[in-house]
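Visitor: In mature numbering (1 follows the signal peptide of the UniProt record, and there is no 0), the protein residues as written are -19 to -1, 1 to 169.
Yeah, the Cβ is synthetic: ideal placement off N, Cα and C, and Gly gets one too.
#1: With a cut-off of 8 Å on the beta carbons, I'd call residue 62 and residue 69 a contact; round off their distance for me.
#2: Using CA coordinates, which residue listed in 27, 40 and 158 is at the minimum distance from residue 96?
#3: Leaving out the 5 sequence neighbours to the left and right, which residues in its chain are closer than 8 Å to residue 17 when beta-carbon positions are compared?
#4: Take residue 136 as the anchor and find which of 121, 103, 87 and 114 has the nearest alpha-carbon.
#5: Which residues in the same chain as residue 31 place their Cβ atom closer than 8 Å to its Cβ, once the five residues preceding and following it in sequence are excluded?
#6: With DSSP run on the structure shown, which of helix, strand or coil describes residue 97?
#7: Return helix, strand or coil for residue 55, following the three-state DSSP convention.
#8: From this set, 20, 29, 65 and 10, which residue's C-alpha is nearest residue 148's C-alpha?
#9: Does DSSP classify residue 10 as helix, strand or coil?
#10: Could you spell out the range, first to last residue, of the beta strand (DSSP E) harbouring residue 213?
#11: Give me whichever residues DSSP pairs with residue 77 in a beta bridge.
#12: Report all residues from its chain with a CB closer than 6 Å to the CB of residue 145; omit the five preceding and five following residues, and keep chain order.
Here it is, written out as structure tokens:
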């Protein structure tokens, strides 16, 4: 499974690093990242709920100097919001959106920062990388919203979920982490 994760990250990085269309758009896992140009595709994976009760979607943004970060995409917006180094970062270019024709294979597994690295019986969806660490996708209920963010599973001092909040990042030790084709007990 580690080799599959490496292939997926290389594919995603190649898609952002070249001006040519990525030849690995559809990963063998059953999900893929599409260019986001302001319209939510029919096969986009919903990830949260905004303050109005509208669905939000799982994005990924390449930001020079910050690497490849998970982001939140709101329907009707041409931007996405990521976070890094205690900043919320609005992004208007180099955005991807997570898509799949098998939405029923996604689930959210409840976990804690000190336990996430112990999840070995599920495929955790990779959302990017920062400071040479793989980031997974997580979410938390906060202020009447279900907010998508990045999960550090291994980095000492940074373990847990980080979400953009009021121009900064906010940390959570308990959260849900996105899995694909997981047979463990998971929440929806």
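Guide: Walking through what the data contain:
#1: With 8 Å as the limit, residue 62 and residue 69 qualify as a contact, their Cβ atoms being about 6 Å apart.
#2: Relative to the Cα of residue 96, the nearest Cα in the group 27, 40 and 158 belongs to 158.
#3: 40, 54, 61, 76, 77 and 78
#4: 114
#5: 37, 55 and 126
#6: Note: residue 97 maps to helix in three-state DSSP.
#7: strand
#8: Of the candidates 20, 29, 65 and 10, the one whose C-alpha sits nearest the C-alpha of residue 148 is 65.
#9: coil
#10: The question about residue 213 has no answer here: the residues shown for the chain are numbered -19 through 169.
#11: 16 and 41
#12: Apart from sequence neighbours up to five positions away, the residues of its chain that approach residue 145 with a beta-carbon distance below 6 Å are 62, 64 and 69, ordered along the chain.
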